[in-house]
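K.L.:
Have a look at this one.
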Amino acid sequence: MNEEINKTENHKEKVHFVANRQMELYLQIIAISSSIIVITIMFLLMYYIRQVLGVFVLSFLISYIISPLVKILERRKINRTLSVGILYLAFVAITVVCVVVFVPMLWNELITLQFSIQDNLSNPELGKNIMSSIEDFQEQLSEAIPILKDIDLKSQFDISNSVSNIASWILNYIGQMIKTITSYGTRIAWVIISIFVIPFIVFFLLKDGNKMKKVILRLVPSRYKEVSTDLLHLIDIRIGRFIRGKLAESIILSILTAIGLKILGIKYALLIGSIAGFANLIPYIGPVGIAIPPVLLAIYQYGIFQGVITAIFLSILQFIDNMILVPFIVGKSVDLHPLVTIFVVFIGGKTLGLLGLVAAVPMASIIISIAQAIYQEFKNISSMKSYYD
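Using the numbering used here, you'd call the opening residue of the sequence shown number 3 and step up by one each time.
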């Protein structure tokens, strides 16, 4: 009799276990499906309101940069509105100084670079000069590695015939880039509106950010208030750390790149350093893309050997970034798989352009955090049901 009872109980436990496993699987499917639907709707919406959304995304980024300093001043018993005003004016002053000092210099370097490439690539002697550089490089390399004497690098490169094609491609690319920058600059009305609107949005985000969170939480049913509060706090910490960390990392990389290229004698070091800093905000894709122009410039200016030295310098810089700057400054604030990161970066770029490339990762982190919270809540409800059953 006891054996039959034990068998029945064991059978019930197994059924319960299987049912719980199935329920957990269903909850995971629901959470993933909900996330995909939410992401799709969000990106469709963002595409249609991308110009307006860009203003708000930029405002949020700026507010996250200034926010920790506001909290520090508040701890020193300074009124929040006054703290926001002081730091806001300081931020605006620093931004204006940077724009006035650096933008004209960067623009001049960009225009000079375009004319320099146009003049030099149209020169029929360029192919011969490149071939000469290849021969010099082979001689230097053969002295260090004798086995390479039998390899004719010159025969591997048919530079002379392809220089004109390379020239036209580069000139067309740079021309399109400058035309794009200029076309954005000619949208005077929208630029002026953004310049006046963004400061107001940032000011009120800093001043009334906590009040806005409370308003959002009031709309949440009391049953989900605790989990919603924790979720908002988690998102706030993650996104804040990520934005401030990436900004600090990009500034450091920008300065190191500009100084290093200047020491190596590469032209347009300031321009390349500035672009490198911005490109670093785009995960994986940016750092790889920005390594190509300085290496090509080094080869053009001094020969292939200097190009190799420049490539080694940039590789060391990326090693420092990945091994030191990212772990200590950015940390694991946004824990996304590399494939997920690349996927959301492409979607962000397609939807919001340059701003989308930068904002894609933190936005994906917010969506994933919400999906995880929904899944956890469903799981808790399922556990309670199985407990009472």
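By construction, the Cβ of each residue, glycine as well, lies at the ideal position given by its N, Cα and C atoms.
State the Cα-Cα distance for the pair G56 and W109, rounded to the nearest angstrom.
P.N.:
24 Å
K.L.:
So L221 and K227 are supposed to be a Cβ contact under 8 Å. How far apart are they, rounded?
P.N.:
In fact, because the Cβ distance is near 10 Å, the residues do not count as touching under 8 Å.
K.L.:
On the criterion of 16 or more Cβ atoms from any shown chain inside 10 Å, does S224 qualify as buried, or is it exposed?
P.N.:
exposed
K.L.:
Among the candidates T114, V54, E111, V204, whose CA atom is the shortest distance from the CA of V72?
P.N.:
V204
K.L.:
Can you confirm whether the stretch 307-318 touches the stretch 263-270 when touching is taken to mean that 3 or more C-beta pairs between the two stretches lie within less than 8 Å?
P.N.:
yes
K.L.:
Considering only residues of the same chain and omitting the five flanking positions on each side of L359, which have a CB-CB separation below 7 Å?
P.N.:
Listed in chain order, the non-local C-beta contacts of L359 below 7 Å within the same chain comprise I284, V347, G350, G351, local neighbours out to five positions each way being set aside.
K.L.:
Could you tell me which uninterrupted alpha helix (DSSP H) segments, each at least 4 residues in length, are contained entirely in the stretch 42-82, listed from first to last along the chain?
P.N.:
52-77
K.L.:
Can you tell me where the alpha helix (DSSP H) holding K248 begins and where it ends?
P.N.:
227-265
K.L.:
What are the complete alpha helix (DSSP H) segments, minimum 4 residues, inside the stretch 288-336?
P.N.:
Whole alpha helix (DSSP H) segments, 4+ residues: 294-304, 306-322.
K.L.:
Quick check on K208: does DSSP put it in helix, strand or coil?
P.N.:
Looking at the sequence provided, one finds Leu at residue 208 rather than Lys. Correct three-state label for L208: helix.
K.L.:
Is DSSP giving G355 helix, strand or coil here?
P.N.:
coil
K.L.:
Figure out for me which residue from T343, V290, N282, G267 has the closest Cα to the Cα of I311.
P.N.:
G267
K.L.:
Between V199 and the rest of its own chain, which residues show a CB-CB distance below 7 Å, the 5 nearest in sequence each way excluded?
P.N.:
V57
K.L.:
With H, G and I counted as helix, E and B as strand and the rest as coil, what does DSSP make of Q378?
P.N.:
DSSP, reduced to helix, strand and coil, places Q378 within a helical segment of the structure shown.
K.L.:
Is DSSP giving I88 helix, strand or coil here?
P.N.:
I88 falls in the helix class under three-state DSSP.
K.L.:
Quick check on the burial criterion: 16 or more other C-beta atoms within 10 angstroms. Buried or exposed for D323?
P.N.:
buried
K.L.:
For T188, which residues from the same chain have a beta carbon less than 8 Å from its beta carbon, with the 5 sequence-adjacent residues on both sides left out?
P.N.:
Reliability fails at T188, whose pLDDT of 49 lies under 50, so the model's placement of it is uncertain and no value is given.
K.L.:
In three-state terms, what does DSSP make of K2?
P.N.:
It is not possible to answer for residue 2, since the shown part of the chain is limited to 3 through 391.
K.L.:
Using 10 angstroms around the beta-carbon of F159, count the other beta-carbons present and answer buried if the total reaches 16, otherwise exposed.
P.N.:
With a pLDDT of only 48 at F159, under 50, the local geometry of the prediction cannot be trusted, and no value is derived from it.
K.L.:
Taking the alpha carbon of I237 as the reference point, which residue from I253, Q374, L298 has its own alpha carbon closest?
P.N.:
Q374
K.L.:
Is it buried or exposed, Y50, if we count other Cβ atoms within 10 angstroms and call 16 or more buried?
P.N.:
exposed
K.L.:
Once DSSP output is grouped into helix, strand and coil, what is the label at P223?
P.N.:
In the structure shown, P223 falls within a coil segment according to DSSP collapsed to helix, strand and coil.
K.L.:
L299 and K269 look like a contact to me (Cβ under 8 Å); what is the Cβ gap, rounded to whole Å?
P.N.:
6 Å
K.L.:
In terms of residue numbering, what span does the alpha helix (DSSP H) encompassing I277 cover?
P.N.:
Per DSSP, I277 belongs to the alpha helix (DSSP H) from 271-281.
K.L.:
Let's test the definition: count the other Cβ atoms within 10 Å of the Cβ of P296 and tell me whether it reaches 16, buried, or not, exposed.
P.N.:
buried
K.L.:
Under 8 Å, do L272 and I372 count as touching if we go by C-beta distance?
P.N.:
Between L272 and I372, the gap from beta carbon to beta carbon reaches 8 Å or more.
K.L.:
Check whether the Cβ atoms of P364 and F280 sit closer than 8 Å, and answer yes or no.
P.N.:
no
K.L.:
Y390 by DSSP, collapsed to three states: which one?
P.N.:
Because Y390 sits at a pLDDT of 48, beneath the cut-off of 50, its placement in the model cannot be relied upon, and the following sentence gives the value as read from the coordinates. Here Y390 sits in helix by DSSP.
K.L.:
Roughly how far, in whole angstroms, is the beta-carbon of I67 from the beta-carbon of L208, given that I think they are within contact range, below 8 Å?
P.N.:
Rounded, the Cβ-Cβ distance is 10 Å, inconsistent with contact.
K.L.:
Rounded to whole angstroms, how far is the Cβ of V59 from the Cβ of A361, which I believe are closer than 8 Å?
P.N.:
5 Å
K.L.:
Report all residues from its chain with a CB closer than 6 Å to the CB of V17; omit the five preceding and five following residues, and keep chain order.
P.N.:
At V17 the pLDDT is 49, less than 50, meaning the model places this residue with poor confidence; the figure from the coordinates comes in the next sentence. Within the same chain, V17 has no close Cβ partners at all.
K.L.:
K79 to V217, Cα distance in whole Å?
P.N.:
25 Å
K.L.:
Can you give me the Cβ contacts of S276 inside the same chain, cut-off strictly under 8 Å, excluding the 5 residues immediately before and after it?
P.N.:
F104, L108, S256, A260
K.L.:
So, is V86 buried or exposed, given that buried needs 16 or more other C-beta atoms within 10 angstroms?
P.N.:
The residue is buried, with at least 16 neighbouring Cβ atoms inside 10 Å.
K.L.:
When you compare only the Cα positions, how much space is there between I376 and I43?
P.N.:
17 Å
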